[in-house]
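J.: In the numbering used here, the protein residues as written are 201 to 548.
Below is the structure I would like to discuss, written out as structure tokens.
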């Protein structure tokens with residue numbers, strides 16, 4: 201009997217369904233489609249270079265509710281990766297030469313088998329990234345996380361909107377910044393972010409507003425200076441990410457009448473060099489229910505990989521997926537504007 205994927209659980213707010221978001225974006229009077237922009241750059245149809253990263257979204261449940269969250273995660277979400285899907289993901293991790301496993305959520309650490317995924321991926325010789333919101337480590341039941349991550353040599357990718365309290369708490373809620381700083385200090389105590397330890401601590405920031413991030417290199421230098429001076433915190437790299445016009449941020453743009461203006465800003469800033477380096481060319485995204493996507497953003501819009509490619513973990517075929525055509529939409533302008541944007545920061 202073939203595996204059946206769980207039915208996606210929908211939210212009831214007007215723009216919280218993926219279909220409503222796709223319809224809104226498709227109806228925008230843009231000067232040119234994203235496909236046309238790629239064609240003008242000699243990049244259409246867009247295809248992968250090599251699948252180097254398997255990004256696994258183990259669920260939508262999170263201990264925070266952030267205003268900009270493209271996953272629409274929060275404490276009330278119940279979607280978590282079922283055992284059958286996780287078992288198959290582990291088979292893929294252990295049975296292919298994909299070198300990096302990027303574990304995300306929600307707060308991925310809330311999944312009851314998160315530790316198993318991490319330990320088995322590391323045992324298989326994979327580089328493992330954990331996308332941590334930091335405050336999860338301050339909860340009593342999860343205080344063990346920094347030590348566990350250090351013990352297994354997991355790279356921590358920690359989200360922090362700003363190095364000042366107001367900028368972070370505006371996006372993430374009162375008190376989040378203070379808890380985040382405390383978590384970062386604990387990671388530093390264990391050697392994370394410090395030269396010579398091999399324990400990598402990267403920070404991720406996105407603008408608090410409807411504009412593009414500044415220069416990643418310049419911001420990283422400023423952040424390192426400020427985080428060291430103000431809080432005594434060290435980290436390895438800073439990733440800048442453009443606010444993507446999907447989920448909560450899309451609803452904010454629509455509610456404030458700024459959607460067309462923001463999309464025009466992204467379109468005007470389209471950069472062919474950034475387009476050539478987009479993350480969908482070396483990353484494959486796995487949804488909590490086992491569907492395969494070109495990227496985490498397509499996952500949130502429920503745009504699976506091309507219908508001629510294997511579309512679930514149960515049909516996984518690395519060669520076929522490496523040769524697939526990537527599914528595109530107006531939101532892709534968010535990854536190709538300016539210096540570009542990806543889960544690993546700027547792309548150009």
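For each residue, glycine too, the CB sits at the ideal point set by N, CA and C.
Please list the terminal residues of the continuous beta strand (DSSP E) segment that includes residue 358.
T.: Per DSSP, residue 358 belongs to the beta strand (DSSP E) from 355-359.
J.: Which partner residues of residue 537 appear in the DSSP bridge assignment?
T.: 470.
J.: Mind pulling the alpha helix (DSSP H) runs of 4 or more residues that sit fully within the region 498-522?
T.: Listed in chain order, the complete alpha helix (DSSP H) runs (minimum 4 residues) inside the region 498-522 are 518-522.
J.: Quick one, are the C-beta atoms of residue 439 and residue 545 less than 8 Å apart?
T.: For residue 439 and residue 545, yes; Cβs fall inside 8 Å.
J.: Could you check which residue in 500, 499, 501 and 493 has the C-alpha nearest to that of residue 508?
T.: Among 500, 499, 501 and 493, the Cα nearest to that of residue 508 is on 493.
J.: Taking buried to mean at least 16 other C-beta atoms within 10 Å of its own C-beta, is residue 499 buried or exposed?
T.: Result: buried.
J.: In whole angstroms, give me the CA-to-CA distance for residue 527 and residue 506.
T.: Their backbone Cα atoms lie some 6 Å apart in a straight line.
J.: Is the region 389-398 in contact with the region 365-380, if contact means three or more CB pairs nearer than 8 Å?
T.: No: fewer than three Cβ pairs fall under 8 Å.
J.: Quick one: give me the first and last residue of the beta strand (DSSP E) that residue 331 is part of.
T.: Where residue 331 is concerned, the enclosing beta strand (DSSP E) stretches over 327-332.
J.: Identify, in the order they occur along the chain, each residue of the same chain with its Cβ nearer than 7 Å to the Cβ of residue 235, setting aside the five sequence neighbours on each side.
T.: Cβ within range, chain order: 244 and 528.
J.: Hey, how far is the Cα of residue 295 from the Cα of residue 517?
T.: Looking at the two C-alpha atoms, the distance is approximately 11 Å.
J.: Determine the contact status of residue 541 and residue 255, defining contact as a CB-CB distance below 8 Å.
T.: For residue 541 and residue 255, no; Cβs fall outside 8 Å.
J.: Are the CB atoms of residue 336 and residue 307 nearer to each other than 8 Å?
T.: Result yes, Cβ atoms of residue 336 and residue 307 sit closer than 8 Å.
J.: Name the one or two DSSP bridge partners that residue 384 has.
T.: According to DSSP, residue 384 bridges with nothing at all.
J.: Can you tell me the Cβ-Cβ gap for residue 362 and residue 445, rounded? I've got them flagged as a contact below 8 Å.
T.: The pair is not a contact, with the Cβ atoms about 21 Å apart (cut-off 8 Å).
J.: Ordered along the chain, which non-local residues of its own chain (more than five positions away) have a Cβ less than 7 Å from that of residue 388?
T.: Contacts found: 394, 433 and 434.
J.: Relative to the alpha-carbon of residue 478, which residue among 503, 442 and 511 has its alpha-carbon at the smallest distance?
T.: Ranking 503, 442 and 511 by Cα distance to residue 478 puts 442 first.
J.: Would you mind sorting residue 249 into buried or exposed? The rule is 16 or more other CB atoms within 10 Å of its CB.
T.: It counts as exposed.
J.: Looking only at its chain, what residues have a beta carbon closer than 8 Å to the beta carbon of residue 460, apart from the 5 residues adjacent to it on each side?
T.: Only 228 and 229 meet the Cβ criterion.
J.: Would you mind working out which of 283, 320, 534 and 346 sits nearest residue 465, comparing C-alpha positions?
T.: Considering only alpha carbons, the answer is 534.
J.: With 16 other CB atoms within 10 Å as the buried threshold, where does residue 415 fall?
T.: By the 10 Å Cβ count, residue 415 comes out exposed.
J.: Start and end of the alpha helix (DSSP H) containing residue 253?
T.: From DSSP, residue 253 is part of no alpha helix (DSSP H) but of the beta strand (DSSP E) over 253-257.
J.: Helix or strand or just coil, what does DSSP make of residue 447?
T.: It is helical.
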